[in-house]
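Okay, structure first, notes after.
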Amino acid sequence: MAFDLTLLTGSGFWNPFFWLISIVVALILIYIIYAFGEKGYKRGTQQVKPFISGNPEPSKAGVHVRAGNLYWGYMDALKVYYAGLVPIHSGILTDYLLWLFSVAAILFVLVVLL
Amino acid sequence: MITDFLLHHTPALLVAVPLLGAFLTPIIGRISPIVRKIWVMGTMTLTSAIAVLLVYLVYTRGTFVYVFGALTPGLAIPPDSGGIPIRIIFTVDPMGAFMDLIVAVVGFCVILYSLSGDEKRTGLHYFYTLFLLLITSVLGMVSTGDLFNFFVFIEISSLASAGLVAFSVEQGRAVEAGLKYFMISTMGGIFLLFAIGILYGQYNALNIAMIAERMQFTSLDKIALVLMVVALAMKCGAVPLHFWTPDAYSLAPSTITAMLVVVSQASLYGLFRFVFTLYNLTLNYVTIGWVIIILGVLSMVIGVTMAIPQKDVKRLMAYHAVSQTGYMLLGVGVGLAVLGNQAALDTYGFIAIEGGLFHIINHALYKGLLFLTAGAIIYRIGTRDLNKMGGLGHSMKYTMIFFMIGALAIAGIPPFNGFASKLLIYESVYLFNPLLAIIAMVVSILTLASFVKVFHSIFMGPTLPEYSKVREAPPAMLIGMGILAVLIIAFGFFPQLVVDSLVAPAAHALINQGSYISAILGGA
Amino acid sequence: MFWNLPYISVVLLTLIGISIIILKKNLIKIFMGVNILTSAVNLFIIAVGYRDGGIAPIYTNAPSTNMVLPTPQALCLTSIVIGVATTALLLTFAMLLYRTYGTTDVDKIRELRE
């Protein structure tokens, strides 16, 4: 049965069954590590509260890292690229139509004239 | 009797049923909202059933030719016409049937979801009229064998989807998105009509098979080809003609966005159909192949890099839709670039086309699912801004699981379906040009990075005080999303089954121009 | 030379239409450009279907000269109908935008960008 799952790609193959096995193995490993855990943990008691070196806990909304703060380094590294790319999406309808006509003109030169 | 009727008139019913359903919705909907829901759902179920029946017929018996107004539906060339197919003909070959199946499945799930997802809107009669009209037009686009008929359906789809994009006015922003989408689509429609006029002037025919048989590839045909490629690349949202995509996708109601994905896939079908069936080997396939490959690579890279900094969840996903369209263009473009080289076509070209087509159905499934989960979140919290979201995983567990499935599938993580089609594309494109395959993989990684950001900012973190009363999405929405999620997992676990039974016949039908022509004209 | 006159007008109308669409900033004027372009396409289709000395394809008591294939006229009619629907929807959008944004200048209708 597992053999039918194999996807032939011409130069290789892929079988999701092996992936399934590896997922199961990973889950077993996770369970084993989990089973070594602390037995004395109780939900809903003082134990659950975060301990930040005795400082008061900040509000829940303050802890959450919002989307705008993610990938700051990536954006900073590619600042030049984005400075060129983002203004092209100007939001002006005639610019977009100009793009349509210019692509048509470029293809016209490529396909008909060359 | 009834089965006989069904078996002979399936392609006509495929368009007639949703069209009738669409225009009766405003009348029947007046009775009560419940009746309207049952009517819309019933129409869509019937349409999907007919589409599945048609797909079954096409895959078991071969190309289905249906002639409107003929004595017998199969009579493509009237005896006294001098060998010219003069009527409007629907030609559903496995490629068209493949697209019909996508519309049927995604349309059914979206309508099911829409029953509770859109019930807060006003003017629902007209909403569903346009919705069913959109489904009609897409089914027509992928089934028709007539160029002008294709133009009519593409214009109907532009009209219906522009109306739906602008449906919730939202202080004019949705209208702005609708205007941009519709204005650019109209220009595309004019291009297409010009191309059809040129072809008609040369060959005195509108039937795709007829023109394909007479194709000379003169300079005028080249102009027609350029106009068609530009118009359809615009409709499917390839960079640098993608500017309408994020606007329209983000401002449309989420159900409509999921359907717009299917509409752009149908335009992609039109592009492939014209290039492969209408022109095939007569065109300079290396140039056109590379044009499509470059459009694809630009779409992949610019789409994904524009997606990463977005702050609006649906706008982000819209840029990903652009990026994923690039994969399909890349796969099929590689197949086109080696079309005349039989050895290369056998080694990797055919696999690349298969990968591209398989990605179409996968994309329709997981992108539809992602837009629907975004819709469920917006439905419950009322904002699209990622910066305002957080901690929803505590209350919307099923939505979170569906989102995870969709996000892992779009990023190409095994065992979901996106991986299977991307693997086909990577391995075949690597043999064609290693650099293209590497770009495709990097884009996949960036896609994953971007969805990690979305997943974190929507679902992770502590429950935010403003969302403490948020509940799980209603059952109809969950069922609609669930069907898509199950299909994604099924396609991921049985990729070879899907490729053998659905994708490979479609790819054969696409590159084999002779069988398409002989289905209409006979002989040859 | 005279036979090319319709085609020359098609080219002229196309150029006028495209330049209006690209250069003008008022939505209503852009829509007029779209309509001129649609008329150019319609004229093109009609010109393609013209046969000198042909008659209408009515078979009853028809003289034995060339008949004109009615397809281009049918295409043109359909295209006109689609053009009407298109113009109506575009004008509706312009009206709604004028109500909410207070302008029909495409350079100012750019809430959606990037």
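Protein chains in written order, with the numbering used here: chain A, 1344 to 1457; chain B, 10 to 533; chain C, 12 to 125. Beta carbons are placed, not taken as given, at the ideal position from N, Cα and C, and that holds for glycine.
Distance from the CA atom of residue 1389(A) to the CA atom of residue 1398(A), rounded to whole angstroms, is 16 Å. Here DSSP, grouped into helix, strand and coil, assigns residue 1350(A) to strand. Residue environment analysis places residue 16(B) among the exposed positions, since fewer than 16 neighbouring C-beta atoms fall within 10 angstroms of its C-beta. Annotation: the continuous beta strand (DSSP E) that includes residue 99(B) extends over 98-101.
Assigned with DSSP and collapsed to three states, residue 74(B) falls in strand. Cβ-Cβ distances below 8 Å link residue 308(B) to 246, 247, 248, 251, 331, 332, 334, 335 and 338 in the same chain, with the five nearest sequence neighbours on each side left out; the list follows chain order. Inter-residue distance for residue 1370(A) and residue 1376(A) is about 10 Å (C-alpha atoms, whole angstroms).
Residue pairing of residue 153(B) in beta bridges, as defined by DSSP: 99(B).
Judged by DSSP secondary structure, residue 13(B) falls within the alpha helix (DSSP H) whose first and last residues are 11-37.
Taking C-alpha positions only, residue 68(B) is separated from residue 105(B) by approximately 11 Å.
Straight across, the Cα-Cα distance linking residue 256(B) with residue 83(C) is about 36 Å. Neighbours of residue 117(C) in chain A, taken as residues whose beta carbon is under 7 Å from its own, are 1435, 1436 and 1437 in chain order. Residue environment for residue 367(B): buried (at least 16 other C-beta atoms within 10 angstroms of its C-beta). When 9 Å is used as the limit between beta carbons, residue 13(B) is near no residue of chain C, the shortest such separation being about 32 Å.
Against chain B, a Cβ distance below 9 Å from residue 1386(A) picks out nothing, because the smallest value is about 15 Å. DSSP, reduced to helix, strand and coil, places residue 63(C) outside both helices and strands of the structure shown, so it counts as coil. For residue 218(B), the enclosing alpha helix (DSSP H) covers residues 217-223. Relative to the Cα of residue 53(C), the nearest Cα in the group 120(C), 90(C), 20(C) and 102(C) belongs to 90(C).
With contacts defined as CB atoms closer than 9 Å, residue 161(B) and residue 172(B) fail to qualify as a contacting pair. Interface annotation, residue 49(C): in contact with chain B, CB-CB separation under 9 Å. For residue 1450(A), the closest of 202(B), 185(B), 166(B) and 237(B) by C-alpha to C-alpha distance is 237(B). Contact of residue 124(C) with chain A is assigned, a C-beta pair being separated by under 9 Å. One finds 181 in chain B with Cβ atoms closer than 7 Å to the Cβ of residue 112(C), taken in chain order. In this structure, residue 370(B) lies near residue 110(B), with their beta-carbon atoms less than 9 Å apart. Of all residues in the stretch 57-89 of chain C, only 58, 59, 60, 80, 82, 83, 85, 86 and 89 come within less than 9 Å of chain B when Cβ atoms are compared, listed by chain position. Spatial neighbours of residue 259(B) in its own chain (CB-CB distance under 6 Å, excluding positions within 5 residues in sequence) are listed in chain order as 321, 323, 324 and 327.
For residue 468(B), the CB contacts under 6 Å within the same chain, skipping 5 residues up- and downstream, are 401, 402 and 409 in chain order. Per the coordinates, the alpha-carbon of residue 376(B) lies some 15 Å from the alpha-carbon of residue 365(B). Boundaries for residue 1409(A): no alpha helix (DSSP H) harbours it, and the DSSP string shows neither H nor E there. DSSP assignment within the stretch 170-235 of chain B yields the following whole alpha helix (DSSP H) runs of 4 residues or more, N-terminal first: 182-212 and 217-223. Inclusion of residue 490(B) and residue 407(B) in the CB contact set at 9 Å is warranted, their separation being smaller than that value. An exposed status is given to residue 475(B), since fewer than 16 other beta-carbon atoms sit within 10 Å of its beta-carbon. Counting only runs of 4+ residues, the alpha helix (DSSP H) found wholly inside the stretch 101-139 of chain B occupies 103-126, in chain order.
Beta bridge pairing from DSSP links residue 37(C) with 116(C). Just so you know, the alpha carbons of residue 157(B) and residue 146(B) end up roughly 13 Å apart. Within 8 Å of the CB of residue 192(B), the CB atoms of chain C belong to 41, 45 and 101, in sequence order along the chain.
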